[in-house]
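Participant:
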Amino acid sequence: MKVVGFAGYSGSGKTTLLERVIPALRQRGLRVSVVKHAHHRFDIDHPGKDSWRHRQAGAFEVVVASEHRLALMREYEQPYRLSVHQMLAELYEGVDWVLVEGFKESDLLKVEVWRAPEGDFAGHPVRYPEDDFIVAIATDVSSAELPEPTGRPVLDLNQPEAVAAWLVDNGDRFEYSFENRT
Numbered sequence: 148m149k150v151v152g153f154a155g156y157s158g159s160g161k162t163t164l165l166e167r168v169i170p171a172l173r174q175r176g177l178r179v180s181v182v183k184h185a186h187h188r189f190d191i192d193h194p195g196k197d198s199w200r201h202r203q204a205g206a207f208e209v210v211v212a213s214e215h216r217l218a219l220m221r222e223y224e225q226p227y228r229l230s231v232h233q234m235l236a237e238l239y240e241g242v243d244w245v246l247v248e249g250f251k252e253s254d255l256l257k258v259e260v261w262r263a264p265e266g267d268f269a270g271h272p273v274r275y276p277e278d279d280f281i282v283a284i285a286t287d288v289s290s291a292e293l294p295e296p297t298g299r300p301v302l303d304l305n306q307p308e309a310v311a312a313w314l315v316d317n318g319d320r321f322e323y324s325f326e327n328r329t
């Protein structure tokens with residue numbers, strides 16, 4: 148499997164870019180998974196449903212599956228932060244690409260998503276000058292307009308097909324190995 152992170156500050160457009168890159172990869176016949184870090188408590192279950200009732204009764208894990216989807220819910224007795232590598236280990240190994248949203252501090256190769264300040268959006272500093280794991284920048288400005296010069300590829304944030312093509316063309320460098328990862 149190939150793994151690439153998409154990192155950037157909140158409001159930079161990571162989710163919007165991924166929801167447009169996923170179909171571009173799928174059109175190439177590729178199977179795509181996503182790993183997303185949630186900064187808050189979240190729930191995918193609903194009160195009164197059987198799986199919710201099982202969790203409320205104290206089940207550590209509940210797996211719900213149909214012929215169309217599978218969901219695993221795990222309840223930690225104490226707060227526990229999974230590493231991105233632990234989350235990747237939970238995925239089906241037959242996937243072609245895993246797009247990781249967030250985990251900007253991780254040691255995964257990643258594309259920085261950066262938008263220039265505009266209107267009500269104050270903008271954020273760039274991360275690529277200090278992060279050797281950033282291999283490209285997806286942005287809404289030209290490379291000459293970036294706050295810091297870079298030799299990294301600059302991808303058009305508004306051209307998800309081109310971002311997908313760049314990923315596929317550079318796929319070898321994103322090959323992921325579970326060895327020595329925790």
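Under my numbering, the letters of the sequence shown match residues 148 to 329, in that order. For every residue, glycine included, the Cβ atom is placed at its ideal position computed from N, Cα and C. Computed from a predicted structure; not experimentally measured.
1. Quick one: Cα of ALA269 to Cα of ASP303, how far?
2. Cα separation between VAL310 and MET234?
3. Under the rule that 16 or more other beta-carbon atoms within 10 Å means buried, what is GLY176, buried or exposed?
4. Among LEU164, VAL150, GLY249, which one has its Cα closest to the Cα of ASP287?
5. Determine, using beta carbons only, whether LEU314 and PHE280 come nearer to each other than 8 Å.
6. Assuming VAL260 and LYS161 are in contact, meaning their beta carbons sit under 8 Å apart, how far apart are those beta carbons, in whole angstroms?
7. Pick out whichever of PRO296, ALA283, ALA185, ASP319 has its Cα sitting closest to the Cα of SER157.
8. Is LEU238 a contact residue of the ligand COA, with contact defined as CB to any heavy atom under 7 Å?
9. How far does the alpha helix (DSSP H) with ARG221 in it reach, from first residue to last?
10. From LEU238, VAL210, GLU295, SER289, pick the residue whose C-alpha is nearest to that of SER324; which is it?
11. Grouping DSSP H, G and I as helix and E and B as strand, with all else coil, what is LYS161?
12. With DSSP run on the structure shown, which of helix, strand or coil describes GLU214?
13. Starting from PHE247, trace the beta strand (DSSP E) in both directions and tell me its first and last residue.
14. Contact defined as beta carbons within less than 8 Å: I believe VAL282 pairs with VAL245. What is the distance between those atoms, to the nearest angstrom?
15. What first and last residue would you give for the beta strand (DSSP E) that runs through VAL282?
16. Could you pull the start and end residues of the beta strand (DSSP E) that VAL260 belongs to?
17. Mind checking whether PRO307 and ALA171 have CB atoms under 8 Å apart?
18. Using three-state DSSP, classify PHE153 as helix, strand or coil.
Facilitator: Reading it off the structure:
1. 20 Å
2. Each residue's alpha carbon lies about 24 Å from the other.
3. exposed
4. LEU164
5. no
6. A Cβ-Cβ separation of about 5 Å places VAL260 in contact with LYS161 under the 8 Å criterion.
7. ALA185
8. For the ligand COA, the structure offers nothing, since it holds no ligand at all.
9. Unbroken run through ARG221 is the beta strand (DSSP E), 217–221; no alpha helix (DSSP H).
10. Selected option, being the one with the closest Cα: LEU238.
11. helix
12. coil
13. One detail in the question is off: residue 247 reads as Val in this sequence, not Phe. Looking at the DSSP string, the run of the beta strand (DSSP E) that includes VAL247 is 244–248.
14. That belief does not hold up - the Cβ atoms of VAL282 and VAL245 are roughly 15 Å apart, past 8 Å.
15. 281–286
16. 257–261
17. yes
18. Here PHE153 sits in strand by DSSP.
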